[in-house]
Each structure stands twice: as C-alpha cells, then as structure tokens.
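Asker: In the UniProt record's numbering, the protein residues as written are 1 to 259.
Next comes the structure, spelled out in structure tokens:
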C-alpha cells in the first residue's frame with residue numbers, strides 16, 4: 001500500500017563525516033508537525049555518513065537516504081533531483097550543522113499557507129554563547145530588491161520554505177551557483193524574480209544556527225561536543241524560550257541603534 005503524500009519534504013544535504021548529522025536529524029524527528037519526509041541528500045559523503053543516515057531510515061520510515069557522487073559546487077543539482085520526485089505540498093531544508101526547535105515545521109506551515117516562498121527568522125549562537133539575529137521581511141519590496149541586486153541575504157536554507165508548486169513553476173530550480181554568489185541566495189533570487197508569487201517572513205525563531213563561519217578551524221569532534229550540549233539544553237522549553245527572547249532582544253537593540 002502506497003504512502004500518502006507528506007505535507008513537507010525536508011532536504012538535509014550533507015557532504016562530510018557524520019559527527020553533526022545525528023543532532024540535525026533528531027531535531028527534525030522531534031517536530032510537533034509529524035507529516036513530513038526527511039531526505040538526507042548525500043553529496044559525495046563518506047560511507048560512514050551514509051550508514052549513519054541509513055540507520056535512522058531503518059528506524060523511521062519518514063527518513064529517506066539518497067547517496068550521490070560529489071556534485072558541482074555544493075551539490076545543488078542533487079536537491080533538484082530529489083524535488084523532481086517529491087509529492088509534498090511544502091519544502092523545507094536544514095543544514096547538517098543546525099538544530100530545529102520542535103515547532104519549526106508547524107510555524108513554517110502557517111507561513112506557507114499564505115505565501116509561496118518565505119522564511120522564519122535566522123538566529124545564530126556564537127561559540128562564546130552570544131545570540132545574533134538577521135533582520136528583514138520578504139514582504140518588503142526593498143528587501144527583495146536588495147537580495148536580487150546585491151550581495152546581501154538575511155536567511156539561509158535552514159529557515160526557508162516554499163511551496164513545491166511554486167518551485168516547479170521556476171524556469172530552473174536548485175543549480176550550481178556562480179563562484180561569486182552564495183548558493184542559497186542564487187536559489188532565492190529565482191523566486192524573487194517572479195512577479196506572480198507571494199513572499200513573506202514569519203517573525204518566529206525556531207532554529208539555532210551554529211555557523212561554520214564562526215567556527216573556522218574548530219575540529220569536528222569539538223563541534224560535535226558543542227552540538228551535543230546545545231541540543232541537550234534546547235530539549236527544555238524554558239531554554240528555547242530563553243534563546244528566543246535573547247534573539248529578539250538582539251533584534252530590538254539593532255533596530256534602536258539604526259533608528
């Protein structure tokens with residue numbers, strides 16, 4: 001008997017050893033919105049990473065593992081191949097080094113009921129414990145213009161979502177970006193160039209970004225230890241609320257400084 005189409009297809013691209021992967025997968029499987037398929041897109045990932053993902057797939061039928069040879073740039077074309085076979089209504093994505101809160105997909109679904117492409121707010125946790133937030137609203141035409149025309153972006157794939165139907169209306173989907181353009185911004189511009197789509201941002205913090213950029217040179221073993229501690233901390237609702245409060249405090253402080 002065939003499975004009903006899920007509400008979400010969640011893409012999880014990975015290319016490195018699996019030190020961080022279990023934390024990302026666990027955060028997806030803990031979602032309060034359970035109607036999803038999680039596709040681990042292995043972009044030339046080592047055997048131990050594929051084995052780690054397959055162990056999850058053996059325990060939860062919502063997890064699908066798609067191994068690919070290493071693709072150009074960040075293997076964006078592999079994501080397109082996965083979406084070509086998807087039957088969901090919505091698409092979300094999570095980095096293998098990020099963590100979702102349990103209501104991430106539920107909040108994203110509320111947004112995507114109204115818009116074709118949008119995002120929740122991106123909040124980052126520094127190695128020193130500081131919280132920063134990226135500000136913007138896709139409903140603002142000026143924000144969309146900045147993203148289309150300049151090297152500026154305020155959210156990555158972990159906080160983004162879109163309707164699969166809108167994605168399939170694009171002339172091209174996920175594809176390797178030019179060397180001077182971020183991979184995610186290259187994809188976002190394909191949506192933002194359309195005049196027939198609706199855009200928006202939901203002002204909700206439902207993920208922790210543990211940016212590789214601020215952890216350059218940190219061994220994967222050390223990053224895994226950090227992830228383990230943060231993931232354990234964020235299992236408590238009070239800690240999630242505290243992180244969200246700190247993120248909004250950072251936003252209000254930035255607004256006060258720039259106003």
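C-beta: ideal position from N, C-alpha, C; glycine also.
#1: In this structure, what does DSSP give as the bridge partners for residue 37?
#2: Please report the straight-line C-alpha distance between residue 67 and residue 217, rounded to a whole angstrom.
#3: If I measure Cβ to Cβ from residue 170 and keep anything under 8 Å in the same chain, skipping five residues before and after, which residues do I get?
#4: Under 8 Å, with one C-beta from each stretch per pair, do the segment 228–243 and the segment 197–212 reach the 3-pair mark?
#5: Is residue 28 helix, strand or coil when you go by DSSP?
#6: Which word fits residue 203, buried or exposed, when buried means at least 16 other C-beta atoms lie within 10 angstroms of its C-beta?
#7: Using a threshold of 7 Å, state whether the C-beta atoms of residue 172 and residue 91 are closer than that.
#8: When the Cα atoms are used, what is the spatial distance from residue 225 to residue 13?
#9: To the nearest angstrom, how far is the alpha carbon of residue 249 from that of residue 143?
#10: Could you tell me the alpha carbon to alpha carbon distance between residue 199 and residue 156, rounded to whole angstroms?
#11: Enumerate, from N- to C-terminal direction, the unbroken alpha helix (DSSP H) stretches of 4 or more residues contained entirely within the segment 103–136.
#12: Determine the contact status of residue 176 and residue 76, defining contact as a CB-CB distance below 7 Å.
Answerer: Reading off the structure:
#1: 9.
#2: Straight-line Cα distance between these residues: approximately 27 Å.
#3: The residues are 190, 191 and 194.
#4: By the Cβ rule, the segment 228–243 counts as touching the segment 197–212, because three or more pairs are nearer than 8 Å.
#5: Note: residue 28 maps to helix in three-state DSSP.
#6: By the 10 Å Cβ count, residue 203 comes out exposed.
#7: Against a cut-off of 7 Å, the Cβ pair of residue 91 and residue 172 comes out as no contact.
#8: Rounded to the nearest whole angstrom, the CA to CA distance from residue 225 to residue 13 is 21 Å.
#9: Their Cα atoms are separated by approximately 22 Å.
#10: Cα to Cα, the separation comes out at about 15 Å.
#11: For the alpha helix (DSSP H) assignment, the uninterrupted runs of no fewer than 4 residues enclosed by the segment 103–136 are, from N- to C-terminal side, 104–112.
#12: Residue 76 is positioned such that its CB atom lies closer than 7 Å to that of residue 176.
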